[in-house]
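A quick write-up on the structure given underneath.
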Amino acid sequence: MNRRILHALLVLLAGLTFAASALAESVQVAVAANFTAPFKAIAAEFEKDTGHRLVAAFGATGQLYAQINHGAPFEVFFSADQSTPAKLESAGLSVPGSRFTYAIGGLVLWSAQEGYVDDQGEVLKQNQFQHLALANPQAAPYGLAATQVLNKLELREALQSKLVEGQSITQALQFVSTGNAELGFVARSQVYKNGRITSGSAWEVPDELYEPIKQDALILKKGEHNRAANALITYLHGPKTAAILTAYGYTLPQ
């Protein structure tokens with residue numbers, strides 16, 4: 000190849016690379032704890048495909064909501080429910096029309112011990128354990144769902160003294176995985192991958208025992224003009240995201 004042509008092509012390539020880099024942005028994202036693993040998987044694909052960079056903070060939905068209300072620099076919010084994003088929307092803290100349901104979660108009664116939890120959840124009624132972990136129902140939608148299950152099964156009063164609360168669903172999982180609780184209610188996404196429970200033993204709680212955990216996301220006012228924020232929301236509707244959500248046991252919204 001002629002050296003002049005080669006040089007021109009290299010200059011053009013360098014210019015295109017610089018232009019793409021200049022257009023790339025970073026976005027601050029608040030992510031509900033149950034969505035930690037799938038979000039990290041989505042983020043890796045998103046950054047590779049778009050060049051944008053995601054900076055994420057994970058926590059209980061209620062805690063993240065409080066931080067947003069106190070001026071935290073988040074630009075996109077992935078909640079574990081619908082009511083919290085709706086409150087932000089009503090308060091004028093989000094971009095109008097940006098809220099949508101990105102996933103529907105599932106609740107699992109899980110133990111790190113093989114064979115400890117039966118596939119019908121009878122272990123709860125047998126009441127032979129010392130501690131049952133769940134997330135704080137005031138801050139975490141999965142914790143609220145766990146209390147709904149106990150109420151439906153009429154076990155809340157009998158098990159009340161054995162309940163240990165984590166501030167988020169991540170902490171509830173830690174209580175069980177470290178043996179500080181023999182079993183606990185966790186998000187399916189935390190212990191599920193590619194069609195099966197990854198370790199321990201579990202009862203996948205029937206949907207009729209708790210209200211659907213519809214999880215909404217939105218762009219916050221601070222991210223209104225951030226290209227990366229808008230690109231992320233668009234990416235959430237794509238096929239790669241759908242495959243990741245399904246792999247982690249979420250139901251896709253219709």
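All the letters of the sequence shown, read from the start, carry residue numbers 0 to 253 under numbering that gives the first Met the number 0. Backbone N, C-alpha and C fix where the C-beta goes; we use that ideal spot for every residue, glycine too.
Item	Value
Leu106 and Ala144: beta carbons closer than 8 Å?	yes
Which of the three DSSP states, helix, strand or coil, is assigned to Asp118?	coil
What residue does the alpha helix (DSSP H) around Ser176 start on, and which one ends it?	168-176
Can you tell me the Cα-Cα spacing of Gln127 and Ala134, whole angstroms?	21 Å
Grab me the residues of Ala246's own chain with a C-beta within less than 7 Å of its C-beta, minus the 5 sequence neighbours each way, in chain order.	Lys192, Asn193
Apply the 10 Å Cβ neighbour rule to Leu5 and answer buried if 16 or more other Cβ atoms are within range, or exposed otherwise.	Model confidence at Leu5 stands at a pLDDT of 37, short of 50, so the residue's coordinates are unreliable and nothing is read from them.
Where Leu182 and Ser110 are concerned, what is the direct C-alpha to C-alpha distance, given to the nearest angstrom?	4 Å
By a C-beta neighbour count over all protein chains shown, 10 Å radius and 16 as the cutoff for buried, is Ala42 buried or exposed?	buried
In the structure shown, what three-state DSSP assignment does Tyr64 receive?	helix
Checking contacts by CB at 8 Å: is Pro238 closer than that to chain D?	The chain labelled as chain D is not found in the depicted structure, where only one protein chain is given.
With distance defined between alpha-carbon atoms, name the residue in Leu131, Ile218, Glu203 nearest to Ser176.	Leu131
Are the CB atoms of Ala32 and Arg52 nearer to each other than 8 Å?	no
Just the C-alpha distance for His224 and Leu108, rounded to the nearest angstrom, thanks.	42 Å
List the endpoints of the continuous beta strand (DSSP E) containing Gly194.	That residue, Gly194, is in no beta strand (DSSP E); it is neither H nor E in DSSP.
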